[in-house]
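Peer 1: Take this structure first; my questions come after.
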Amino acid sequence: MKEKKKDIRALSKEQLREFFVSNGDKAFRGNQVYEWLWSKACHSFDDMTNLSKATREMLEANFVINHIKVDQMQKSSDGTIKNAVKLHDDLTVESVLIPTYSRTTACVSSQVGCSLDCQFCATAQLKRMRNLNADEIYDQVVAIDQESRTYHNMPLSNIVYMGMGEPLMNYNNVLASIEKITSPEGLGMSPKRITVSTSGVPKMIKRLADDEVKFNLALSLHSAIQEVREQIMPFSKNFPLTDLREALEYWYSKTKRRVTYEYIVWEGINDRQQDIDALIQFCKYIPCKVNIIEYNPIDDGKFQQGNDQAIASYMTQLEANGIVVTLRHSRGKDIDAACGQLANKL
Ligand code: SAH
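First residue of the sequence shown? That's 3 in the working numbering, and the numbers climb one at a time after it.
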């Protein structure tokens, strides 16, 4: 049986150099190919024009380039763009470009589907099929950077890992993708412009701290009361708030960087005074910021956003306690591109 060709982008620069040497060629060919693959985001060996035809054919015979393909692009009336991204094995994920007047943000997926069970999230209704590899995450960013240049005349300024999936359940590949995004041989972006959002996996938050990562961390908190959180995010039975608190304290002790808590206010779920009190208490553990997110209704959703007064109560009381709080308005709702709406509805 013919051996399956290897994805050339799984090779490091050093491995590419070794490949050429072992094939009787010069090591620097490896550098050239690496540059084509990464800084030039090349999808085909044929396009590597500074290589001889024989070299290109040799690469073709040995490797494939498993590049993603933006299969479909939808534009919202507010300028948000949603990409349906086809992977080499025909699975699909979604990524989003969110423009404001001064910057553009890419929201990328880290898994196909999700293994968690947040009751308010459309992606949670899809089975987790597999993790994305580092290249597939990186490619989403490159594609959105190009869209940002084409449609908004500026390079991509920020990246949030808030698309489909739980980034910390795909730890190695997420970190490898950020390595590539921040490397001068990739996009050379500052890690300060990258935010990884987690539903809260304590062990992995500690690992991030140990790995001394330089990007920002956001936590989807949604309730600081264990029983309430278990009701809306059942998996959190296994990751109780007490463990989460300890992990966050560890994160702060190591990184000295504040965490953003994402929080949706729902009617009849977390719109009571005791919910606000619990959040204020939770915010005292480490320096943090609260981002109140508008709820985007999903199919079969049992949830309803809390009323304006409930949201205002949260905001004024958090502020009165010296906690920085912002309100995030949803973008791209008309094309199912807003937070929690990514569900491959093509
Ligand atoms: N799994 C990660 C990242 C993906 S979700 C996480 O949980 O953080 C990205 C953000 O969207 C999270 O804060 C999540 O709680 C929020 N979200 C999920 N469903 C939503 C919905 N229907 N409306 C608004 N925000 C939602």
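Every residue gets a Cβ at the ideal spot worked out from N, C-alpha and C, and that includes glycine.
Remember, it's a predicted structure, so these values are computed and weren't measured experimentally.
Just tell me which of 284, 51, 131 has its CA closest to the CA of residue 221.
Peer 2: Among 284, 51, 131, the Cα nearest to that of residue 221 is on 284.
Peer 1: I'd like the ranges of any alpha helix (DSSP H) spanning at least 4 consecutive residues and lying wholly in the stretch 210–267.
Peer 2: Segments of the alpha helix (DSSP H) lying fully in the stretch 210–267: 228–234, 243–257.
Peer 1: What residue does the alpha helix (DSSP H) around residue 152 start on, and which one ends it?
Peer 2: Counting along the chain, the alpha helix (DSSP H) containing residue 152 begins and ends at 136–154.
Peer 1: Once DSSP output is grouped into helix, strand and coil, what is the label at residue 163?
Peer 2: Reduced to three states, the DSSP call for residue 163 is strand.
Peer 1: Between residue 202 and residue 246, how many whole angstroms is the CB-CB distance? I'm expecting something under 8 Å.
Peer 2: That pair is a contact at about 5 Å.
Peer 1: Do residue 122 and residue 305 come within 7 Å of each other at the CB atom, strictly closer than that value?
Peer 2: A contact, by the Cβ cut-off of 7 Å.
Peer 1: Please list the terminal residues of the continuous beta strand (DSSP E) segment that includes residue 199.
Peer 2: Segment 196–200, the beta strand (DSSP E) holding residue 199.
Peer 1: Apply the 10 Å Cβ neighbour rule to residue 2 and answer buried if 16 or more other Cβ atoms are within range, or exposed otherwise.
Peer 2: Residue 2 lies beyond the residue range present for the chain, which begins at 3 and ends at 348; the question has no answer from this structure.
Peer 1: Tell me which residues share the same chain as residue 111 and place their Cβ nearer than 8 Å to its Cβ, disregarding the 5 neighbours each side in the sequence.
Peer 2: Around residue 111: 87, 95, 96, 97, 134, 139, 142, 165, 166, 167, 344.
Peer 1: Could you tell me whether the Cβ of residue 245 comes closer than 7 Å to any Cβ of chain B?
Peer 2: Within the model displayed, chain B is absent; a lone protein chain is all it includes.
Peer 1: Flag residue 255 as yes when its Cβ comes closer than 6 Å to any non-hydrogen atom of the ligand SAH, and as no otherwise.
Peer 2: Because no heavy atom of the ligand SAH lies under 6 Å away, the Cβ of residue 255 does not count as near it: no.
Peer 1: List the residues that DSSP assigns as beta-bridge partners of residue 290.
Peer 2: Bridge partners of residue 290: 261.
Peer 1: Just the Cα atoms here: how many angstroms apart are residue 216 and residue 39?
Peer 2: Going from the Cα of residue 216 to the Cα of residue 39 covers about 25 Å.
Peer 1: How is residue 65 classed by DSSP in three states: helix, strand or coil?
Peer 2: Of the three classes helix, strand and coil, the one that applies to residue 65 here is strand, per DSSP.
Peer 1: Is residue 206 near the ligand SAH - that is, is its Cβ less than 6 Å away from at least one heavy atom of it?
Peer 2: Answer for residue 206: no, Cβ out of range of the ligand SAH.
Peer 1: Residue 192 to residue 184, Cα distance in whole Å?
Peer 2: Taking the straight line from one Cα to the other gives about 6 Å.
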